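Participant: Heads up: the sequence shown begins at 54 in this note's numbering, then just goes up one per residue.
C-beta atoms are modelled at their ideal positions from N, C-alpha and C, and glycine is treated no differently.
All figures in this text were calculated on a predicted structure; none of them were measured in a lab.
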Amino acid sequence: MTTTPAADPADSAFLRACRREPVPHTPVWFMRQAGRALPEYRALREGTAMLDSCMRPDMVTEITLQPVRRLGVDAAIFFSDIVVPLKAVGVDLDIVPGVGPVVAQPFRTAADLPRALTPDDVPYITEAVSALVGELGATPLIGFAGAPFTLASYLVEGGPSKNHAKTKALMYGEPQLWSALLDRLADITLAFLRVQIDAGASAVQLFDSWVGALPAADYRTFVQPHSARVLAGVSDVPRIHFGVGTGELLHDMAEAGADVVGVDWRVPLDEAVRRIGPGRAVQGNLDPTLVFAPREVVASKVRDVLEEGKAAEGHVFNLGHGVLPETDPDVLKLIVDTVHAGL
Ligand code: CP3
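(1) When the Cα atoms are used, what is the spatial distance from Thr342 to His279?
(2) Considering only DSSP beta bridges, list what Asn371 is partnered with.
(3) Could you check whether the Cβ of Ala256 sits closer than 8 Å to any heavy atom belonging to ligand 1?
(4) Opposite Gly253 in the DSSP bridges: which residues?
(5) Quick one: what does DSSP say Val149 is sitting in, helix, strand or coil?
(6) Would a C-beta distance cut-off of 9 Å place Ala63 and Ser255 closer than the cut-off?
(7) When burial is assigned at 16 or more other CB atoms within 10 Å of the CB, is Lys140 buried or exposed?
(8) Tell me whether Phe131 sits in a helix, a strand or coil according to DSSP, three-state version.
(9) Between Pro120 and ligand 1, is there a pair consisting of the residue's CB and a ligand heavy atom that are separated by less than 8 Å?
(10) From Asp271, Ala191, Gly212, Asp240, pick the residue whose C-alpha is nearest to that of Gly226; which is it?
(11) Please state if the CB of Leu396 and the CB of Asn371 are separated by a distance shorter than 9 Å.
(12) Taking C-beta to C-beta, are Thr12 and Arg109 nearer than 9 Å?
(13) Classify His78: buried if its beta carbon has 16 or more other beta carbons within 10 angstroms, exposed otherwise.
(14) So, is Val392 buried or exposed, given that buried needs 16 or more other C-beta atoms within 10 angstroms?
(15) Among all the DSSP beta bridges, which residues are the ones paired with Ile293?
(16) What did DSSP end up calling Thr55 once you bin it into helix, strand or coil?
(17) Spatial neighbours of Ala252 within its chain, please: CB distance less than 6 Å, with the 5 preceding and 5 following residues excluded, ordered by chain position.
(18) Would you say Leu16 and Met112 are within 9 Å of each other, going by their C-beta atoms?
(19) Hey, would you say Ala90 sits closer than 9 Å to Asp323, going by beta carbons?
(20) Would you say Asp61 and Ala191 are within 9 Å of each other, going by their C-beta atoms?
(21) Any heavy atom of ligand 1 closer than 8 Å to the beta-carbon of Pro213?
(22) For Leu68, list the residues DSSP reports as bridge partners.
(23) Identify the continuous alpha helix (DSSP H) that holds Phe275 and give its terminal residues.
(24) Buried or exposed: where does Met54 fall if 16 or more other Cβ atoms within 10 Å of its Cβ makes it buried?
(25) Can you list, in chain order, the residues of its chain whose CB lies under 6 Å from that of Pro80, leaving out five sequence neighbours each side?
(26) Count the other CB atoms, across all protein chains shown, that sit within 10 Å of the CB of Gly196; report buried if there are 16 or more and exposed otherwise.
(27) With Ala198 as the anchor, note down where its alpha helix (DSSP H) starts and where it stops.
(28) For Pro398, does the count of other Cβ atoms within 10 angstroms reach 16, so buried, or fall short, so exposed?
(29) Under a three-way DSSP split, which group does Val376 fall into?
(30) Run through the DSSP bridge pairs and tell me what Val155 is partnered with.
(31) Tell me, which residues are paired with Val81 by DSSP?
(32) Kindly list the residues whose CB is nearer than 8 Å to the CB of Asp173, restricted to its own chain and excluding five residues on each side of it in sequence; keep chain order.
(33) Can you grab the Cα-Cα spacing for the pair Val351 / Ala169, in whole Å?
(34) Could I get the ranges of all uninterrupted alpha helix (DSSP H) runs contained in the segment 161 to 240, with 4 residues as the minimum, in chain order?
(35) So, His304 versus Arg328, is the Cβ gap smaller than 9 Å?
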């Protein structure tokens with residue numbers, strides 16, 4: 054009797070690139086590939102609030118699979134949000150459509166420190182990841198969480214912020230309280246990532262979306278030790294670390310313990326590789342607004358990114374930030390097909 058071996062995500066182009074091994078083609082996925090750009094997402098989400106949908110394993114599973122089916126991307130990213138673990142430990146917050154996370158009582162004193170997270174707080178995450186890993190077969194699932202600085206920014210500002218002024222005031226003005234906050238957020242983030250890995254996620258991405266607001270020296274003092282502790286706790290899977298406007302921080306973010314450094318569209322990948330140094334893969338970095346350009350321009354820019362990515366020991370193609378809601382999914386498909394066709 055012959056048995057067909059179960060298809061294994063470990064052999065996928067995505068995980069091979071993360072491990073800096075030879076690949077059959079450059080793997081590609083998109084930050085925010087599950088979301089408002091897809092009509093089937095808008096239809097399914099109709100009438101269900103964002104955070105409620107994140108707590109329903111049936112919806113999470115279907116929404117995560119939608120872009121895999123439609124676009125043929127090389128990896129799925131778990132549908133959730135960086136504030137889900139905060140909600141799970143009792144922080145009073147909501148995700149307001151068109152705005153983002155809004156926190157009812159912004160963080161001010163030690164009395165506002167959130168409690169730690171245990172797997173029992175998020176049974177719906179374990180359930181959804183387990184179901185997804187079964188459905189996805191050979192396609193790897195990327196788990197994710199928000200990094201301590203970016204989560205702190207939402208807690209301290211009370212919502213989205215342009216300059217992160219209150220966050221920085223706390224960081225520079227009350228360094229002990231800042232450290233206590235980031236330490237607790239690191240615990241929560243690490244626990245949230247472990248739940249996803251223990252349920253079968255093949256890789257993780259730690260989003261420090263807004264840390265580009267800091268100069269490198271302050272990043273190293275006030276942020277890096279906490280992010281490093283999170284990344285050290287998930288070293289059993291490839292770790293992607295990403296932020297926006299982090300051109301000056303790429304080296305230090307790699308040193309925090311990333312296997313793959315996410316790069317936004319501002320720094321060409323070959324220059325990013327020079328800043329990051331050897332022994333890491335890179336992810337990125339097509340400008341998300343390029344999807345609105347004529348198709349031949351899109352295809353040509355995709356090839357430029359592939360060319361620049363050759364400088365890296367491993368390259369995972371992505372946008373330089375998330376898919377914009379107005380994006381035509383057919384252009385995303387064109388990008389996937391152009392990446393897979395190669396140079
Ligand atoms: O497809 C994927 O990438 C997985 C899903 C995902 C979401 N949020 C779903 C979501 C991921 C990885 C996130 C992470 C996230 N959430 C980050 C880091 C990534 C980044 O963009 O830098 C941040 C900063 C957040 C906070 C947040 N949540 C914002 C800024 C918003 C957008 C607000 C808006 O309406 O424009 C959200 C809400 C959110 N999270 C949506 C989705 C699909 C949109 C809500 C909706 O569809 O109703």
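Facilitator: Let me lay it out:
(1) Taking the straight line joining both Cα atoms gives about 32 Å.
(2) Beta-bridge pairing links Asn371 to Asn338.
(3) Ala256 has its CB no nearer than 8 Å to any heavy atom of ligand 1.
(4) The partner list for Gly253 (beta bridge, DSSP) is empty, contrary to what the question assumes.
(5) In this structure, DSSP gives Val149 an extended state, which the three-state scheme calls strand.
(6) For Ala63 and Ser255, yes; Cβs fall inside 9 Å.
(7) Counting every other CB atom within 10 Å of its CB across the protein chains shown gives Lys140 a total of 16 or more, marking it as buried.
(8) Three-state DSSP puts Phe131 in coil, outside helix and strand.
(9) Yes, Cβ of Pro120 sits closer than 8 Å to a heavy atom of ligand 1.
(10) For Gly226, the closest C-alpha among the options Asp271, Ala191, Gly212, Asp240 is that of Asp271.
(11) Inclusion of Asn371 and Leu396 in the CB contact set at 9 Å is not warranted, their separation being larger than that value.
(12) Missing from the structure shown is residue 12; the chain here goes from 54 to 396 and no further.
(13) In the assembly as shown, His78 is an exposed residue. Its beta-carbon has fewer than 16 other beta-carbons within 10 Å.
(14) Burial state of Val392 is buried, judged by a 10 Å Cβ sphere holding 16 or more other Cβ atoms.
(15) Under the DSSP definition of a beta bridge, Ile293 partners with Gln258, Val313.
(16) Only weak support exists for where Thr55 lies, its pLDDT of 48 falling under 50; the value from the coordinates is given anyway. DSSP places Thr55 in coil when its eight states are reduced to three.
(17) Excluding positions up to five away in sequence, the list reads Thr179, Val182, Ser183.
(18) A question about residue 16 goes unanswered here, because the residues of the chain that appear run from 54 up to 396.
(19) Their beta carbons are not under 9 Å apart, which means Ala90 does not touch Asp323 by this criterion.
(20) It is a contact, given that the beta carbons lie within the stated cut-off.
(21) Under cutoff, so the answer is yes.
(22) Leu68 is not bridged to any residue.
(23) Its alpha helix (DSSP H) spans residues 269 to 275.
(24) Confidence is the limiting factor: at Met54 the pLDDT is only 48, short of 50, which leaves the residue's position unreliable, though a coordinate-based value still follows. Classification of Met54: exposed, given that the 10 Å Cβ count is below 16.
(25) Excluding sequence neighbours, Pro80 sits near Ala66, Phe67, Ala70, Asp127, Val369.
(26) Under this definition Gly196 is a buried residue.
(27) No alpha helix (DSSP H) contains Ala198, which is instead part of the beta strand (DSSP E) from 194 to 199.
(28) The structure shown has nothing for residue 398, since the chain only spans 54 to 396.
(29) Coil.
(30) Among the bridge pairs identified by DSSP, Val155 is matched with Asp147.
(31) Val81 is bridged to Phe370.
(32) Within the same chain, Asp173 has no close Cβ partners at all.
(33) So the two alpha carbons sit approximately 45 Å from each other.
(34) Entirely contained in the segment 161 to 240, the alpha helix (DSSP H) runs reaching 4 residues are, in chain order, 176 to 189, 201 to 210, 218 to 226.
(35) Cβ distance < 9 Å, so His304 and Arg328 count as in contact.
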